[in-house]
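Q: Below you will find the structure I want to go over with you.
In structure tokens, the structure reads:
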């Protein structure tokens, strides 16, 4: 089933009829399963990281200071952002689809997301810069 009806976050009476379809349908590409958040992180973040680092280990390892700075920056911005989003119920996590371990108010999966996505984009950026001749002193 590509489209599945779900309840509107605003309720059916507060959504105008012409916009109701926007709020009451979502694209369903997969059926959620236990620990699906962790599995999707593995497929779409950890696996590409493994490939990038496997092919470019010595180059990426030489920029460890850049990785530490970007991870620190990501945590400074993402940690309060995530806490607010969870507190305000902008993001909801359902029990069967998560590990269920919380650390400092965030799911372990959220911490992994923050760190791994930061490392993935930092790795890709460094490799793009190396490939297209951005000077090393710029990093």
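Residue numbers (my numbering): 968 to 1106. All C-beta atoms, glycine included, are put in the ideal place defined by N, C-alpha and C.
1. Between the alpha carbons of residue 1075 and residue 1086, how many angstroms are there, rounded?
2. Helix, strand or coil for residue 1073? Go by DSSP, reduced to three states.
3. Determine the extent of the alpha helix (DSSP H) in which residue 1006 is found, giving its start and end residues.
4. Please list the terminal residues of the continuous alpha helix (DSSP H) segment that includes residue 1037.
5. Look at residue 1019 and residue 1073 and say whether their C-beta atoms are less than 8 Å apart.
6. Near residue 1002, what residues of its chain come up, given a Cβ to Cβ distance below 8 Å and the 5 sequence neighbours on each side ignored?
7. Answer with buried or exposed for residue 1090, where buried requires no fewer than 16 other C-beta atoms within 10 angstroms of its C-beta.
8. Quick check: what's the CA-CA separation for residue 1053 versus residue 1059?
9. Residue 1014: which of 1024, 1083, 1097 and 1027 sits nearest, CA to CA?
10. What three-state label does DSSP hand residue 1058 in the structure shown?
11. Using DSSP with H/G/I as helix, E/B as strand and the rest coil, what is residue 1088?
12. For the alpha helix (DSSP H) containing residue 1018, name the first residue and the last one.
13. Kindly indicate which three-state DSSP category residue 1066 falls into: helix, strand or coil?
14. Which of the three DSSP states, helix, strand or coil, is assigned to residue 1095?
A: Considering the structure as presented:
1. Taking the Cα positions, residue 1075 is about 16 Å away from residue 1086.
2. Reduced to three states, the DSSP call for residue 1073 is strand.
3. In this chain, the alpha helix (DSSP H) harbouring residue 1006 covers 1003–1008.
4. Start and end: 1031–1054.
5. No, they are not a contact pair.
6. So the list reads 1064, 1065 and 1066, once near-sequence residues are dropped.
7. Counting the other CB atoms within 10 Å of its CB gives residue 1090 a total of 16 or more, which places it among the buried residues.
8. Whole-angstrom Cα-Cα distance: 7 Å.
9. With distances taken between Cα atoms, residue 1014 lies closest to 1083.
10. Residue 1058 sits in coil when the DSSP states are folded into three classes, being neither helix nor strand.
11. Residue 1088 falls in the helix class under three-state DSSP.
12. 1014–1028 is the span of the alpha helix (DSSP H), which, as asked, contains residue 1018.
13. In this structure, residue 1066 counts as coil in the three-state DSSP scheme.
14. Here residue 1095 sits in helix by DSSP.
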